[in-house]
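Only one structure is covered here, and it is reproduced in the block below.
In our numbering, the protein residues as written are 1029 to 1301.
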């Protein structure tokens, strides 16, 4: 079972569905106020509100058709385990610079993996994927000499429900933390950093010594440190802009809380990995 692919699919589905609903129900969330375009309008007219709502609904429909709808169609198939299956040797494996996906061409089908599939063009594989998004969920390398290659792997309901519960718990925790920003200030960011960097450095060194490869996305410690240093430089830049009066004072504080929550998620991933 590709746990990473399963979790990433669920997160993508949640993000696309929530974003589509938010755009449709909250026009100002996407279109913004007319004043931002240099129009100093103190009294908003009904026509401007109607235009914003029509624009928001139109954008939501586009997102629904091209991005969200395939995920909505595949969610029931994911829950029931009604996957498409193909068995064969990949003819071609390619990735594009503009996307985060790797595309595996096998038996005339194109199947998607987020970041990497870890497959090659020399082995025989059984791949179970979702038909609408073409996302691979299960991948198994098969011995070519094994005659029992059509045996159904089955769908791990208990593990799936556990992972869904963990994801929902993380999303709920993030929501509660974001709601309490005004009470936490920068405390969450600094407290999370105290635990985040030592654990990440330890995981990075341990993986490098055991595997022999230091710079790889398979190392949770490396990915966490890359995120940590990048976000720290990002926050430092915003803090400088805030001190110069270029941005509002609460922007860097809000972003620091986002980074703090992300640090906590990485800490949990590093402990469970």
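Just so it is clear, CB atoms sit at the ideal spot from N, CA and C, and this is done for glycine as well.
Residues of its chain near residue 1037, where Cβ-Cβ distance is below 6 Å and the 5 sequence neighbours each way are ignored
1163
If distances are taken between C-alpha atoms only, which option among 1136, 1216, 1239 and 1168 comes closest to residue 1153?
1168
Helix, strand or coil: which one does DSSP assign to residue 1271?
helix
I'd like to confirm the pairing. Which residues does DSSP put opposite residue 1258 in its beta bridges?
Answer is none; residue 1258 lacks a bridge partner.
Would you identify the three-state DSSP class for residue 1145, choosing helix, strand or coil?
coil
Consult DSSP for residue 1114 and reduce its assignment to one of helix, strand or coil.
strand
On a Cα-Cα basis, can you pick out the residue from 1222, 1224, 1250 and 1219 that is closest to residue 1234?
1250
Rounded straight-line distance, which links the Cα of residue 1221 to that of residue 1141
31 Å
In the structure shown, what three-state DSSP assignment does residue 1167 receive?
strand
Would you mind working out which of 1144, 1237 and 1116 sits nearest residue 1127, comparing C-alpha positions?
1144
Of the choices 1096, 1268, 1231 and 1225, whose alpha-carbon is the least far from that of residue 1288?
1225
Have a look at the DSSP bridge pairing and note the partners of residue 1152.
1170
From the DSSP secondary-structure annotation, give me the bridge partner or partners of residue 1224.
None; residue 1224 has no bridge partner.
Leaving aside the five residues before and after residue 1242 along the sequence, list all residues of the same chain whose C-beta is less than 6 Å from its C-beta, in chain order.
1236
Where does the unbroken alpha helix (DSSP H) through residue 1099 begin, and where does it stop?
1097-1108
Quick check: the Cα distance between residue 1117 and residue 1170, rounded to an integer number of angstroms?
10 Å
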